[in-house]
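Visitor: Each residue of the sequence shown is one higher than the last, beginning at 36 in this note's numbering. Okay, here's the structure, questions in a sec.
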Amino acid sequence: MLTAKFKWQDSGSFRPDGYGGAMRILVDRSNRLLHVDLSGFQSTVTLSDTFPVFLYDSGVRPSADIQLGCLWSLPSGMWGKQAIWQTDGKIAVIGNMTNGDRCIHTPKTLPIPDGVTFA
36 MLTAKFKWQD SGSFRPDGYG GAMRILVDRS NRLLHVDLSG FQSTVTLSDT
86 FPVFLYDSGV RPSADIQLGC LWSLPSGMWG KQAIWQTDGK IAVIGNMTNG
136 DRCIHTPKTL PIPDGVTFA
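The following block contains the structure:
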């Protein structure tokens, strides 16, 4: 099992949940699965586009960008936020975000896309 660890881009702009999360992705190469366990947060900034909320800290990186799907729900808007794990190791939250948005994270397991390797 390989591991990628992440840190906050700015814990002032993106306030981590008190209970936290593992802030990691486990790469299960034998079963071709990713186990994504990051953290929930509250945004204190407004963003108009995709933004790297989680920065690479250590471990493996993907050889191609990976769409992680919906990782957070926003109870105020009854909608969710998706993310991309980029080749530079960063995890970018896709789309707009408003000051005060509360993003509740649910850990997720998904398949490793065909052709993607990790180094």
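In this text, a Cβ means the ideal position worked out from N, Cα and C, and glycines have one as well. This structure is a prediction, so every number in the text was calculated from the model and none was measured.
1) Between Lys42 and His140, what straight-line distance do the alpha-carbon atoms span, to the nearest angstrom?
2) Helix, strand or coil for Gln117? Go by DSSP, reduced to three states.
3) Residues in its own chain within less than 8 Å of Thr144 by CB, not counting five upstream and five downstream?
4) Near Gln77, what residues of its chain come up, given a Cβ to Cβ distance below 6 Å and the 5 sequence neighbours on each side ignored?
5) From Asp149, Gly150, Arg59, pick the residue whose C-alpha is nearest to that of Leu73; which is it?
6) Do the CB positions of Ala57 and Arg96 come within less than 8 Å of each other?
7) Just the Cα atoms here: how many angstroms apart are Ser111 and Asn131?
8) Rounded to the nearest angstrom, what separates Gly55 and Pro142 at their Cα positions?
9) Verify whether the separation of the beta carbon atoms of Leu121 and Leu106 is less than 8 Å.
10) Secondary structure at Arg91, three-state DSSP: helix, strand or coil?
11) Can you name the residues that DSSP bridges to Asp45?
Guide: If we stick to the structure as given:
1) 15 Å
2) Reduced to three states, the DSSP call for Gln117 is strand.
3) Leu68, Leu69, His70, Val71
4) Closer than 6 Å at Cβ, skipping near neighbours: Arg50, Arg137.
5) Comparing Cα positions, the closest option is Arg59.
6) no
7) When only Cα atoms are considered, Ser111 and Asn131 end up about 14 Å apart.
8) Spanning the two alpha carbons is a distance of roughly 12 Å.
9) Note that residue 121 corresponds to Gln in the displayed sequence, not to Leu. Not closer than 8 Å, so no.
10) Looking at the sequence shown, residue 91 is not Arg but Tyr. Residue state for Tyr91 is assigned as strand, using DSSP reduced to three classes.
11) Its beta-bridge partners do not exist; DSSP assigns none.
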